[in-house]
Amino acid sequence: MALALPKETYSGKVYSVTIGTGPGALTFGGENVLPFHTFEGSSPNSPVIAYEIQDVPPDDWPEEVKKPYKDVSHNPVSWAKFCQETLKAKAIALRLTGTHPDRENRSPEDAAKTVRDVISATDLPLIILGSNHTEKDASVLISAAEAAKDRNCIIGKAQEANYKTIAAAAMANNHKLIAMSELDINLSKQLNILISQMGFDKERIITDPMCSALGYGLEYTYSVMERIRLAALTQNDSTMQQPMLGDVGMYVWKVKETQAAESDVPQWGSLEERGIAWEATTAMALLMAGTELLIMRHPTAINAVEKVIGELT
Amino acid sequence: MALTGVEIFKLLPKTNCKKCGFPTCLAFAMKLAQRQASLDACPDVSEEAKQKLSDASAPPVRPITFGAGDRAVKLGEETVLFRHDKRFVNPCAFALEVKDTLSEAEIQKKIEEVLNSEIDRVGQKLKIDAIALLNESNSAGTFDSAAKVIAATAPHIPVILCSADPQAVEAAVKSFADKKPIIYGVNTENAEVMTGIAKTYKATLGLKASASGGLDELCGLTEKVKALGVEDMVMDSGARKAKEILEHNTLIRRAAVKKNFKPLGYPVITFAQREDSLLEALIASVGVAKYSSIIVLSSIEKWKNLSLFTLRQNIYTDPQVPMQVEQKIYKIGDPNPESPLMITTNFSLTYFIVSGEIENSRVPGYLAVMDCEGLSVLTAWAAGKFTASKIAQFIKESGIESNIKHRELIIPGYVSILSGALEDKLEGWKITVGPREANGLPAFLKSKAA
Numbered sequence: 001m002a003l004a005l006p007k008e009t010y011s012g013k014v015y016s017v018t019i020g021t022g023p024g025a026l027t028f029g030g031e032n033v034l035p036f037h038t039f040e041g042s043s044p045n046s047p048v049i050a051y052e053i054q055d056v057p058p059d060d061w062p063e064e065v066k067k068p069y070k071d072v073s074h075n076p077v078s079w080a081k082f083c084q085e086t087l088k089a090k091a092i093a094l095r096l097t098g099t100h101p102d103r104e105n106r107s108p109e110d111a112a113k114t115v116r117d118v119i120s121a122t123d124l125p126l127i128i129l130g131s132n133h134t135e136k137d138a139s140v141l142i143s144a145a146e147a148a149k150d151r152n153c154i155i156g157k158a159q160e161a162n163y164k165t166i167a168a169a170a171m172a173n174n175h176k177l178i179a180m181s182e183l184d185i186n187l188s189k190q191l192n193i194l195i196s197q198m199g200f201d202k203e204r205i206i207t208d209p210m211c212s213a214l215g216y217g218l219e220y221t222y223s224v225m226e227r228i229r230l231a232a233l234t235q236n237d238s239t240m241q242q243p244m245l246g247d248v249g250m251y252v253w254k255v256k257e258t259q260a261a262e263s264d265v266p267q268w269g270s271l272e273e274r275g276i277a278w279e280a281t282t283a284m285a286l287l288m289a290g291t292e293l294l295i296m297r298h299p300t301a302i303n304a305v306e307k308v309i310g311e312l313t
Numbered sequence: 314m315a316l317t318g319v320e321i322f323k324l325l326p327k328t329n330c331k332k333c334g335f336p337t338c339l340a341f342a343m344k345l346a347q348r349q350a351s352l353d354a355c356p357d358v359s360e361e362a363k364q365k366l367s368d369a370s371a372p373p374v375r376p377i378t379f380g381a382g383d384r385a386v387k388l389g390e391e392t393v394l395f396r397h398d399k400r401f402v403n404p405c406a407f408a409l410e411v412k413d414t415l416s417e418a419e420i421q422k423k424i425e426e427v428l429n430s431e432i433d434r435v436g437q438k439l440k441i442d443a444i445a446l447l448n449e450s451n452s453a454g455t456f457d458s459a460a461k462v463i464a465a466t467a468p469h470i471p472v473i474l475c476s477a478d479p480q481a482v483e484a485a486v487k488s489f490a491d492k493k494p495i496i497y498g499v500n501t502e503n504a505e506v507m508t509g510i511a512k513t514y515k516a517t518l519g520l521k522a523s524a525s526g527g528l529d530e531l532c533g534l535t536e537k538v539k540a541l542g543v544e545d546m547v548m549d550s551g552a553r554k555a556k557e558i559l560e561h562n563t564l565i566r567r568a569a570v571k572k573n574f575k576p577l578g579y580p581v582i583t584f585a586q587r588e589d590s591l592l593e594a595l596i597a598s599v600g601v602a603k604y605s606s607i608i609v610l611s612s613i614e615k616w617k618n619l620s621l622f623t624l625r626q627n628i629y630t631d632p633q634v635p636m637q638v639e640q641k642i643y644k645i646g647d648p649n650p651e652s653p654l655m656i657t658t659n660f661s662l663t664y665f666i667v668s669g670e671i672e673n674s675r676v677p678g679y680l681a682v683m684d685c686e687g688l689s690v691l692t693a694w695a696a697g698k699f700t701a702s703k704i705a706q707f708i709k710e711s712g713i714e715s716n717i718k719h720r721e722l723i724i725p726g727y728v729s730i731l732s733g734a735l736e737d738k739l740e741g742w743k744i745t746v747g748p749r750e751a752n753g754l755p756a757f758l759k760s761k762a763a
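This is the structure:
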């Protein structure tokens, strides 16, 4: 029996999104096939991994992922420079954790200053994230978006409760926008529609269907992403053709597999390597499901995932 | 491709004799199409129809049993490309490579690692399933001695004998007769001899296409081996780089599932060995997500196993059946007798999110997780599984009363309606309504603790 290779062609295509300005600008998305299926279509851009840094020292990060940044993380500027110069980061994700009312409760003005400081220290494409407090994020991200005006950043995350203000701020200052919903393909589609109904260009949206860590609901994120990508390609649904974000580091580095000492759980093996593998494996699975943009923390995990991305393209 | 009910109906006697237990042949045909009935129930079906139907009803990826006894692993039987369509059936097996050039002591050590690899995770026992013995020495005698060490030390572990040399294979396979080993290394040159050996020792054959031959060569090989009389096979397309593994595995699964293309309807074996162990874990992850049935690893550190086992468990979970966690009182942080007690249901995602937010609050506490058949809070309440009397019974029987000094139970905000009834059922208890969403817990717990 002769083999006719069962290749697929799809009617739809993922939007390609460019972030940053000047020589460091990056483009991701743009493929008309399932992840890395270059044997049957075109996948012009590789997924991008952004190094996560934050506006306040990472007291809330576990030891193993604090370590690589211990000399620089007291200050977002030195942290960003370290990522660019020493770790050769291609993009940076600045999380304004300190603005959360339960944390340092920093003001929108403080946040704007941090953003300005980081921007003047690095020319890498920047993702600017709030503290995931829907009310506070609305005011913080307005100031942050203004502070980064025309730098073509990604601002996020806009959720159902606050998307109007955040999308307006991103639009007014020429940024891209992360639209986040909670693990449901229909909610994700609906939020994209609501945001584009405001006049926000749907080709400037990045979808975050909500991340989960390996072993903690990863299969839900995985399948929602696969279904979103299939809808984009097979149904040519323009409300599902946005590139997808996997906000991996934040979810991975709070589960017990990345924190429990080997003396407490000898059957789990070395803590350092376990944490790194947990983050890298989570990222790898989401890449297989269709994410084009990852936010990660541990340099060793990022390097390994980048190597495999290189091997896949 | 599976036949439709009407297509099956055409092959049945159409006598409506009811001997199958269904009122009509058409009703029976519909059940057959849904795989809810077996053709054996029809006493009058013709041999020709039987043949056609059994061909059509066979799973697109042939089922293979690898190994024997308690540690036997089932491979294949897959029916879909995406896990959201239907559960992936048989989780991939992980095998540790053992080179026959190692000393006996080193081989013993590798076997010990495999035997000690078991980890319990959310109620499932996960482990390295098999050993792949590599004929690195190119000597039949050395291969045989190493096989004997494995057979003597770990007689229950399924084994893959990797050698293209029929002499070496024939010597070594005797140690695993009747244990359904896999003989890997079958190529165009040795296929006839290898098939003969497999028949004698009831082994599964592992076919290896050359790197340049790829899927075409593989099809030719499976057809050749099948014609020689062996149908239990696993296939290696020669893919080693991540890109080829993804491409070949995808095309193979598509050909089998969507085209019912029999020459590629066998489980895939993937060799993921790499110098760098973390990189190896990631290459193996590609195989876990994308259709490998056996993945061969060069090392099995505990940290790596934990990641790979968990990924395999996640990918092979039934998407239609909610993942559940065990009913019990979970301690979060290091709670003392004054720490708050909260309750939620045992849907795994609910548990992960709620326990994660309690951890974020840094307020130690007790989380009572009640068995509601894996439903989330609102759904469980609506289905009558998360009711005041059931909660009261669970709290009383849990024994938590002896661990805490207070008598206050925090319930999810979505079921605030239960608070009155609960105070009636749980005498002496104060019921406090918590936030509706888990992300409200840190603020809620902190303000309570203040």
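So the protein sequences, as listed, match chains G and H.
Quick note on the working numbering: the first sequence kicks off at 1 and runs consecutively.
Quick note on the working numbering: the second sequence kicks off at 314 and runs consecutively.
Glycine included, C-beta positions come from ideal geometry on N, C-alpha and C.
By the Cβ rule, the segment 640-654 of chain H does not count as touching the segment 597-609 of chain H, because fewer than three pairs are nearer than 8 Å. Assigned with DSSP and collapsed to three states, H:D529 falls in helix. Interface criterion not met: the Cβ of G:N162 is under 9 Å from no Cβ in chain H. DSSP places H:L564 in the helix class (H, G or I) of the three-state scheme.
At least one CB atom of chain G sits nearer than 9 Å to the CB of H:T563. Under a criterion of Cβ atoms nearer than 8 Å, the residues of chain G adjacent to H:H397 are, in order, S223, E226 and R227. If you ignore the 5 residues before and after H:A453, its C-beta comes within less than 7 Å of the C-beta of D478, Q480, A481 and A484, all in its own chain and listed in chain order. Among the bridge pairs identified by DSSP, H:Y497 is matched with H:C475 and H:G519. Along the segment 107-136 of chain G, going in chain order, the ones with a CB nearer than 8 Å to a CB of chain H are N132. Between H:V570 and G:P125, the alpha-carbon positions lie close to 43 Å from each other. For G:R297, no chain H residue has a C-beta closer than 7 Å to its own C-beta; the minimum C-beta separation is roughly 15 Å. Under the DSSP assignment, G:F82 falls in the alpha helix (DSSP H) whose first and last residues are P76 to E85. Around the beta carbon of H:R434, fewer than 16 other beta carbons sit within 10 angstroms, so the residue counts as exposed. In the three-state reduction of the DSSP assignment, H:E410 falls in the strand class, which pools E and B. The segment 606-619 of chain H makes contact with the segment 579-591 of chain H; the number of CB pairs closer than 8 Å reaches 3 or more. Distances from the alpha-carbon of G:N192 to those of G:A148, G:T239 and G:G12 put G:T239 closest.
Between the segment 731-750 of chain H and the segment 713-723 of chain H there are three or more C-beta pairs closer than 8 Å, enough to call the two in contact. Chain-order list of chain H residues neighbouring G:Q235: empty, with the shortest C-beta distance near 15 Å, by a criterion of under 9 Å. By the criterion of a C-beta distance shorter than 6 Å, H:G318 is surrounded in its chain by A342, M343 and A346, once the five residues flanking it on both sides are discounted. Any Cβ of chain H closer than 9 Å to the Cβ of G:I49 would place that residue at the interface, and such an atom is absent. Per DSSP, G:D117 is one residue of the alpha helix (DSSP H) stretching across P108 to A121.
Unbroken alpha helix (DSSP H) runs of no fewer than 4 residues, entirely contained in the segment 638-675 of chain H, are found at 661-674, following chain order. Annotation: G:W61 has no Cβ neighbours in chain H at a cutoff of 7 Å; minimum Cβ distance is about 13 Å.
Note on G:S43: 16 or more other CB atoms within 10 angstroms of its CB, so buried under the neighbour-count rule. Pairing G:F28 with G:K7 gives a Cβ-Cβ distance that is not under 9 Å. In terms of CA proximity to H:I377, H:M546 leads the group H:D737, H:M546 and H:N573.
Residues of chain G with a Cβ closer than 9 Å to the Cβ of H:S661 are, in chain order, Y216 and G217. G:A289 is classed as buried because its beta carbon has at least 16 other beta carbons within 10 Å across all chains shown. Residue pairing by DSSP places G:R95 opposite G:Q54 and G:L129 in a beta bridge.
Between the segment 506-523 of chain H and the segment 408-424 of chain H there are fewer than three C-beta pairs closer than 8 Å, too few to call the two in contact. By DSSP's assignment, H:G436 forms no beta bridge with any residue. The beta carbon of H:T623 falls within 9 Å of a beta carbon belonging to chain G, placing the residue at that interface.
Approximately 6 Å separates the beta-carbon atoms of G:F36 and H:L559; this is inside 8 Å, confirming the contact. Annotated three-state conformation of G:K254 is coil, per DSSP. Taken atom to atom, the span from the alpha-carbon of G:Q235 to that of H:Q349 is near 32 Å. Residue ranges of uninterrupted beta strand (DSSP E) with 3 or more members, entirely inside the segment 350-412 of chain H and ordered along the chain, are 377-379, 386-388 and 406-412.
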